[in-house]
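Q:
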Amino acid sequence: MDSDQENQATTASEDNPSSNSSESSVDTQQDFSKFSVDELKSKLKDAGLPVSGKKADLIERLESSLSESSDDKSEESSDETDSDEDSDKPVVNPVLSPEELEQLSRSELRKIRKEYHQKAEELRVGRDELNLTSQTHASERNDLNVKAKEYMDEVHMYRDRRNGLNVEVGQIRDERNEVTEKVNSLKDNFLSLKRKRFSGQNLPPIARLRKQIQELEIKQMTTPLTTDKERALVEEISSLQNKIKQHDELIETDTEVLDARDTFREAENKRRELSKSMQKSRQEAQTAHHSMKDSLRLNRSTRRKADAAQRAFVKAKEKADIVHNEYIEYLRGMQEIDRMTASQGKSGSVADQKASAASAEDLFAKFLAGEKLSTEQLMIIQKAGML
């Protein structure tokens with residue numbers, strides 16, 4: 001009779017979200033192997049993870065959780081470091097205020113405007129490069145999210161297939177148990193009827209004869225024999241087969257015993273077919289379970305990569321925004337210089353006017369001292385209202 005092997009595929013671990021484990025990442029597989037199953041289950045329970053499966057599954061699940069936690073912590077630490085570096089930078093206004101610009105001459109304003117324009121172009125190029133980098137990270141993130149979704153769809157598909165096969169295994173097992181009870185009853189009925197009808201005829205045990213034939217056939221195929229020994233072995237096998245044949249012929253003389261035997265054999269064949277079918281479904285369920293675990297592992301690793309790409313996207317976008325704001329400040333500075341230059345007209349800036357007044361005073365002092373001045377210099381004194 002076939003032995004019962006009805007352990008169904010292990011329940012999947014994807015139904016429970018992984019959480020950060022409080023254990024140190026220095027734990028190794030060798031350390032975990034020293035723990036008992038109860039200790040491993042306790043650690044998994046504290047981490048919010050499933051506790052079903054064999055010891056090897058528990059160790060693998062715990063190590064996977066610790067590895068994911070370590071990766072997350074390193075990524076968070078990197079983000080925090082970058083954030084601290086950005087926060088340490090002092091905020092400085094890159095352009096001069098209108099009050100400061102008013103103190104400059106027109107030539108100085110033109111020089112500063114040129115510097116502003118050059119700096120604005122550099123910032124614009126840098127901003128565009130950062131925006132392109134952020135778009136690259138966004139595209140990578142989107143592709144990874146699509147992959148992660150595909151892997152999760154596979155997880156659901158394999159999980160549904162596994163669960164369906166497990167239900168099928170249970171149904172076949174229940175049916176086989178019913179058939180097994182029937183087989184045992186039919187076998188007892190057949191043997192009882194055979195002993196009753198053929199008592200005193202010393203019928204050989206068929207099961208023992210078939211086992212002897214099988215052992216002799218294996219010996220014939222695996223053991224080097226002389227010609228005489230092999231001939232004797234063949235004759236012994238033939239003799240046992242003849243006994244089985246004689247037994248069957250004797251059984252066939254009694255229709256009631258024959259019907260009981262045939263009914264028993266039909267039920268026994270059905271039980272064997274159910275056992276094979278159940279074993280096949282169990283193997284398929286286990287295969288689906290392993291495929292589900294592989295897809296789940298790929299989903300988690302892909303999702304971590306997508307999260308890293310998202311962080312890189314946000315980081316590049318924030319830098320681009322900072323550079324853009326600085327670029328806008330320089331544009332506003334250029335506009336302020338243009339506005340100031342247009343409003344001053346021919347009179348020039350305050351600095352130019354002060355310089356002109358100082359020059360007129362010097363020329364007027366020379367005029368009073370009796371020095372000879374040119375027509376141009378006299379016009380400057382006249383414009384200043386000193387003549």
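Residue 211 in the UniProt record's numbering is what sits at position 211 of the sequence shown, and the numbering runs on without skipping anything.
Beta carbons: idealized from backbone N, C-alpha and C, even for Gly.
1) Assuming Met334 and Arg124 make a contact with CB atoms under 8 Å, what is their CB distance in whole Å?
2) In chain order, which alpha helix (DSSP H) runs of at least 4 residues are fully inside the segment 201-250?
3) In the DSSP assignment, the alpha helix (DSSP H) including Asp174 goes from what residue to what residue?
4) Across the segment 257-273 and the segment 105-119, are there enough close Cβ pairs to call them in contact, namely three or more that are closer than 8 Å?
5) Out of Gln103, Val314, Glu230, Leu233, which has the shortest C-alpha to C-alpha gap to Asn131?
6) Give the single residue among Arg127, Glu273, Asn242 whose Cα lies nearest to the Cα of Arg173.
7) Is the segment 298-318 in contact with the segment 173-184, if contact means three or more CB pairs nearer than 8 Å?
8) Who are the near neighbours of Leu40 in its chain, counting only those whose CB is closer than 6 Å to its CB and skipping five residues on each side?
9) Under 8 Å by Cβ, that's how I've got Ile244 and Ile218 pegged, so tell me the actual separation to the nearest angstrom.
10) Does DSSP put Gly333 in a helix, a strand or coil?
11) Give every residue of the same chain whose Cβ lies closer than 8 Å to the Cβ of Lys187, excluding the five residues on either side of it in the sequence, and list them in chain order.
12) Going by beta carbon distance, what residues of the same chain come within less than 6 Å of Val37, once the five residues before and after it are set aside?
13) So is His156 buried or exposed if we call it buried at 16+ other beta carbons inside 10 Å?
14) Can you list, in chain order, the residues of its chain whose CB lies under 7 Å from that of Arg161, leaving out five sequence neighbours each side?
15) Going by DSSP, what residue range makes up the alpha helix (DSSP H) through Ser42?
16) Find the nearest neighbour of Ala342 within the set Glu102, Tyr158, His137, Val95, judged by alpha-carbon distance.
17) Would you kindly check if the distance between the Cβ of Arg159 and the Cβ of Met292 is under 8 Å?
A: Reading off the structure:
1) Contact flag wrong, Cβ pair sits at about 13 Å.
2) 206-222
3) 106-197
4) no
5) Val314
6) Glu273
7) no
8) Leu58
9) Actually they are not in contact, since the Cβ atoms of Ile244 and Ile218 sit about 18 Å apart, beyond 8 Å.
10) helix
11) Phe264, Glu268
12) Lys55
13) exposed
14) Ala288
15) 37-46
16) Glu102
17) yes
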